[in-house]
Amino acid sequence: MDEIAGLVNPAATMPTNAWPCTRAMGLDAVALKKWTIERIRDLKESEQRTLYERALIDPAGSYIVDIMNENGLKPKPKLMSFTDPIYKKMVIISKSAEGKAAMEAAASEGKPAICSLDKLFQSLLGEDYSDTKTPGTIMSAGSLAAEIMRKLGYINAGNAKCPEGCIAREGIIWAKG
């Protein structure tokens, strides 16, 4: 885990007060090593996530973000906390008569239910419905759509891309079970 603190350049050292992630790890100074795809692949998934998240906030870590994105190692987004106020609003919208009707309409047209729910979230939540502002919203939206569609008696009938204008890229197509 100590190596995750060193994101910048090889053989350089940096005082603890200069880098937030070294301070958080209680390190006085860290020998910074060059990250390679091999070194990143050797990390546990949780360590890769930590490395990626820290690289995103430090301009010197942009090469790490590039390496991980180019090699399919971008961490999967986490689901939102059940106590998150935005998540609570998403649940209310999803379980509303309008939310259910929109998802069922999408299913009857052979489209992913998340696509209609996505449009509702965009119109009702605005910029709060985005992984940039509120990480995990898209993954959580898909999870909510799947939970509700199963409760409505639908079964998974495959996946499809969402149309342009949706924040979600793809979703599950649902068929009446």
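Those letters in the sequence shown? Residues 49 to 225, by the numbering used here.
No residue lacks a Cβ here, since even glycine has one placed at the ideal position from N, Cα and C.
Remember, predicted model here, so these are calculated numbers, not experimental data.
For P160, list the residues DSSP reports as bridge partners. I221
DSSP bridge partner residues for I115 (one or two, in chain order): Beta-bridge pairing links I115 to no other residue.
Have a look at the DSSP bridge pairing and note the partners of K209. E218
Nearest to R240 (by Cα), restricted to the options N207, A223, K224 and G225: Lying outside 49 to 225, the shown extent of the chain, residue 240 is not represented and no answer is given.
Going along the chain, which residues of its own chain have a beta-carbon closer than 8 Å to the beta-carbon of L192, five neighbours each way excluded? M138, V139, S142 and L165
Among G120, A108 and P107, whose alpha-carbon lies nearest the alpha-carbon of I237? Beyond the ends of the chain as shown, which are 49 and 225, falls residue 237; an answer cannot be given.
Contact between the region 167 to 181 and the region 107 to 123 (3+ Cβ pairs under 8 Å): no
By the three-class DSSP mapping on this structure, what secondary structure does Y202 have? strand
Below 8 Å on the Cβ atoms is my guess for I134 versus T185; work out the distance and round it to an integer in Å. 7 Å
Alpha-carbon spacing of I215 relative to D114, whole angstroms: Cα to Cα, the separation comes out at about 22 Å.
Considering only the alpha carbon of each residue, which of F169, S144, E86 and T98 lies closest to L200? Residue S144 is the option with its Cα nearest to L200.
Thinking just about the alpha-carbon of each residue, which of R102, I112, G147 and L91 is nearest to the one in E82? Residue identity differs from the one stated: residue 82 is Lys in this sequence, not Glu. Among R102, I112, G147 and L91, the Cα nearest to that of K82 is on I112.
S156: buried (16+ other C-beta within 10 angstroms of its C-beta) or exposed? exposed
Mapping the DSSP letters down to three states, classify Y177 as helix, strand or coil. Of the three classes helix, strand and coil, the one that applies to Y177 here is coil, per DSSP.
Ignore the nearest five residues each way along the sequence and tell me which others in A154's own chain have a CB closer than 6 Å to its CB. A161, C163 and S164
T84 classed as buried or exposed, judged by whether at least 16 other C-beta atoms fall within 10 angstroms: Exposed.
A72 (DSSP reduced to helix, strand or coil): Residue placement at A72 is poorly supported in this model, since its pLDDT is 43, which falls under 50; the coordinates still yield a value, given next. In the structure shown, A72 sits in a helix (DSSP, three-state: H, G or I).
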